[in-house]
Amino acid sequence: MSNPMLEVRNLRTEFGSEAGRVTVINDVSFSLERGKILGLVGESGSGKSVTGFSIMGLIDPPGEVTGGEILFNGQDLRQLPEHQMRSLRGNRIAMIFQDPAMTLNPVLRIDTQMIETILAHETVSKSVARDRARDALGMVGIPSPEERLHAYPHQFSGGMRQRVAIAIALLHSPDLLIADEPTTALDVTIQAQILAVVQRLARERGTGLIWITHDLSVVAGLADHVAVMYAGRIVEYGDVGTVINRPRHPYTNGLIGSLPSNNQRGTRLRQIAGSTPAIAQLPQGCAFHPRCTQASDACLIMPPQTEYDGRRLRCFHPVTNGKAT
Amino acid sequence: MTPRVEIRHVTKRFNRKSGLVERLAERAGLKTPNPVVHALDDVSLSVNNGEVVGIVGESGCGKSTLGRVVAGIIEPSEGDVLYHGKTWQDMSPQQAGHARLAVQMIFQDPSSSLNPRHRVDEIVGAAALRHDKTTRPDLQAYVAEQMRRAGLDPVMSRRFPHQFSGGQRQRIGIARALAVQPDMLICDESVASLDVSIQAQILNLFLDLRRELNLTYMFISHDLAVVEHISDRVAVMYLGRIVEEAAVADLFAHPAHPYTRALLQEIPRLDTTRRQYSAISGEIPSPLAPPSGCHFHPRCPFAMPRCAIERPKLREIGSAHRAACHLND
Ligand SMILES: Nc1ncnc2c1ncn2[C@@H]1O[C@H](COP(=O)(O)OP(=O)(O)OP(=O)(O)O)[C@@H](O)[C@H]1O
Ligand SMILES: Nc1ncnc2c1ncn2[C@@H]1O[C@H](COP(=O)(O)OP(=O)(O)OP(=O)(O)O)[C@@H](O)[C@H]1O
Ligand code: SF4
Ligand code: SF4
Ligand SMILES: [Mg+2]
Ligand SMILES: [Mg+2]
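Protein chains in written order, with the UniProt record's numbering: chain H, 1 to 325; chain L, 1 to 329.
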């Protein structure tokens, strides 16, 4: 990796909680080159969205990024004054939020919101902006975009709101796009349309993408690299084929085993034993140990990150028998 | 046997001027065009006691609208919904109150359905308390129980919705629905933003509740693998209409409608060859101006001249298998 566009080193983010301060993101490192796609997967609540917010500089007090570096084209975003960060945001760095409600203002028409977004970073005429907005809606598969420009968010279906949020993030062709579960409510055909658009963006404009999703089949087909998170840490990280075809971390392995397509219809699905630990009360050592089939006493201390079988891994006893299924 | 819910010829049209926001905008002098959306167009479907009926179809085809009509949140423009054989009009106000509570919808957009200024224990407990499903002294334990069932740690019960992750918020919606002890759940993309291991946990919870309490489900999802796993019967929608309906095994083994076949072909798989995704060819049909005749004809590889003129009827093509396509004539 010669000159990554984004390099995150030892990122640490903390929040206040019922148990005092808790570290939600712990020692997270990864990098992304121009035109590449990193899939970020992991347990619900493991810190995927907070990782995205941290890069965007959108952690609100009492939350705080307390450690590490976020190098964007060599420049540490943590050191940038807020006004410079603001002009990067939405322009060179954009995020599609998991929740379209975070992007869309419920009382403004779609055209108003999209035109404002364009005019915030560019000086073009209103009618040019309007045409761009319409084309962007068409690009994400909204039918009758001209008529739909007049609509309010609540007049769209859930999946259409999600697509409008995607269209807004793409308005400025950012260098770095963080997409947080952007296609969860979309059927496969519309999803393919969106994925085609972002693939083209990566290929033609060199946009680097962080694609946060729980959908392993999307990651498998789309991403170059994948990072798997559990309880605030990256536990497995490497080339997508290496990690998905030969998972070595017991959590990754369990994840792949719980896919409905790897289970018999109507039966209880295989699930990883136990439940997600509250982040304020993480088990000592490897946070996965109470649920792990491979655990031993060694796991009561935190496993270091090591190079193992062509990937970065945090585990004392890697799965060796390949795929769970 | 009377079905739990019977949807009879339900049509739902939305027009722009129908909502408060639009009326205000109108009064403020903003010009708004007034296209009509046919979100549901003559939909009939029954859901039997204890059954899981999956609803699938493209984004914007009317799945959530159907769910909201059945949950009694919005009224159909035409047609009726019968609950154990009765419409809302047939019931006394008290009966209607019970009937409404018994059908709970878990919403697709968790955050817009959760009051941001209420703490989770209030969100989960309020309706249960109001309807005497628990008592004030027992409330805390009751809420904790619902949270635990939905896979949430009760230590987080004093938090506000924004302090949760996306998937945790989705589970708050599940806990809230379970708290009023419904006998029917309408799950709208309820496992969409959960990682597969928690998804498995929630689907198992739904399967368990069904076995223990004989719960009935309408299960809306775009994820065919999930729908295939949990449903007894599946209805496929396209632009406001049901185009096919069958028992799950039958539908997945012998899809009869060209749209269903197209859908099944696209089920994503875990193969890691870097896929080249392709854009949808041609115009995406709009519910503002749906194609004539069979709505699917512009995309259908088997379309014949009559498909553009005549609406195919949804009719029996095998035992308990219905489809709406002229090919079956
Ligand atoms: N504002 C906040 N205050 C306190 N805790 C928070 C806040 N926001 C997030 N958290 C906690 O931080 C952890 C990580 O949250 P995050 O949203 O990053 O999870 P995620 O991996 O995106 O999960 P999901 O897949 O469910 O969206 C969670 O345990 C969550 O409860
Ligand atoms: N309140 C409303 N006002 C106007 N149009 C609406 C309203 N609610 C829904 N619609 C329209 O009705 C159609 C069906 O919407 P619905 O939400 O039922 O779709 P859906 O199948 O649930 O889609 P998704 O999978 O994207 O959630 C869409 O075209 C939508 O824009
Ligand atoms: S370190 Fe130990 S407990 Fe953690 S995943 Fe590996 S084997 Fe399991
Ligand atoms: S009715 Fe005609 S257009 Fe419609 S699905 Fe059948 S063959 Fe295709
Ligand atoms: Mg998230
Ligand atoms: Mg919907």
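Backbone N, C-alpha and C fix where the C-beta goes; we use that ideal spot for every residue, glycine too.
| query | result |
| --- | --- |
| Residue of L:Glu-78, L:Val-196 and L:Pro-290 minimising C-alpha distance to L:Val-37 | L:Pro-290 |
| Bounding residues of the beta strand (DSSP E) (the contiguous stretch that carries H:Asn-10) | 6 to 17 |
| Nearest-angstrom Cα separation, counted from L:Asp-138 out to H:Thr-189 | 48 Å |
| Range of the contiguous alpha helix (DSSP H) that encloses H:Asn-253 | 250 to 257 |
| Residue burial classification, H:Gly-310 (beta-carbon count within 10 angstroms, cutoff 16) | exposed |
| For L:Ile-220, three-class secondary structure by DSSP | strand |
| Bridge-paired residues (DSSP) for L:His-235 | Note that residue 235 of chain L is Ala in the sequence shown here, rather than His. The partner list for L:Ala-235 (beta bridge, DSSP) reads L:Ile-55 and L:Glu-245. |
| Proximity test, Cβ basis, 9 Å: L:Ala-200 and chain H | yes |
| Runs of beta strand (DSSP E) lying entirely within the region 157 to 202 of chain L, each at least 3 residues, in chain order | 184 to 188 |
| CB contact flag (H:Ile-96, H:Arg-148, <9 Å) | no |
| Per-residue burial, L:Lys-313 [other beta carbons within 10 Å of its own, 16 or more giving buried] | exposed |
| In DSSP terms, what L:Lys-86 is bridged to | L:Tyr-83 |
| Cross-chain neighbours of H:Gln-271 in chain L, by beta carbon under 8 Å | Ser-197, Ala-200, Gln-201 and Asn-204 |
| Boundaries (first-last residue) of the alpha helix (DSSP H) holding L:Ser-112 | 110 to 113 |
| Simplified DSSP state of L:His-9, which is helix, strand or coil | strand |
| Three CB pairs or more closer than 8 Å across the region 165 to 184 of chain L and the region 232 to 247 of chain H | no |
| Inter-stretch contact at 8 Å, needing at least 3 Cβ pairs: the region 264 to 277 of chain H / the region 216 to 234 of chain L | yes |
| Nearest neighbour of H:Leu-209, chosen from H:Glu-116, H:Pro-182 and H:Lys-126 [CA to CA] | H:Pro-182 |
| Nonlocal neighbours in the same chain, by C-beta distance under 8 Å from L:Asp-232, ignoring five residues either side | Glu-51, Val-52, Val-53, Ala-247 and Val-248 |
| Unbroken stretches of the alpha helix (DSSP H), 4 residues or longer, contained in the region 215 to 302 of chain H | 216 to 222, 240 to 245 and 250 to 257 |
| Straight-line gap, L:Arg-100 to H:Leu-177 (C-alpha atoms, nearest Å) | 43 Å |
| Through-space distance from H:Glu-14 to H:Val-65, alpha-carbon basis | 6 Å |
| The region 141 to 157 of chain L contacting the region 174 to 192 of chain L, beta-carbon criterion three pairs below 8 Å | yes |
| Reduced DSSP category for H:Arg-92 - H, G, I as helix; E, B as strand; rest coil | coil |
| Bridge partner(s) assigned by DSSP for H:Thr-306 | H:Leu-313 |
| Integer-rounded CB distance, given that H:Ile-279 should sit under 8 Å from H:Gly-206 | Contact flag wrong, Cβ pair sits at about 35 Å. |
| Under 9 Å between C-beta atoms of L:Met-304 and L:Leu-185 | no |
| Any non-hydrogen atom of ligand 1 within 8 Å of L:Arg-158 CB | no |
| Beta-carbon spacing of L:Val-47, L:Thr-216 below 9 Å | yes |
| H:Met-1 to H:Gly-74 span [Cα, whole Å] | At H:Met-1 the pLDDT is 48, less than 50, meaning the model places this residue with poor confidence and gives no usable figure here. |
| Any non-hydrogen atom of ligand 3 within 8 Å of H:Val-235 CB | yes |
| Chain L contact for H:Asn-263 (CB, 9 Å cutoff) | yes |
| Interface flag, L:Ala-141 vs chain H, CB-CB below 9 Å | no |
| Residues near H:Ala-136 by beta carbon distance below 8 Å, same chain, minus five either side | Met-114, Ala-167, Ile-168, Leu-170 and Leu-171 |
| is_contact[L:Met-147, chain H] using C-beta, thresh 9 Å | no |
| Residues that L:Ser-44 contacts on chain B, provided the C-beta gap is smaller than 8 Å | Absent from the structure: chain B. Protein chains present are H and L. |
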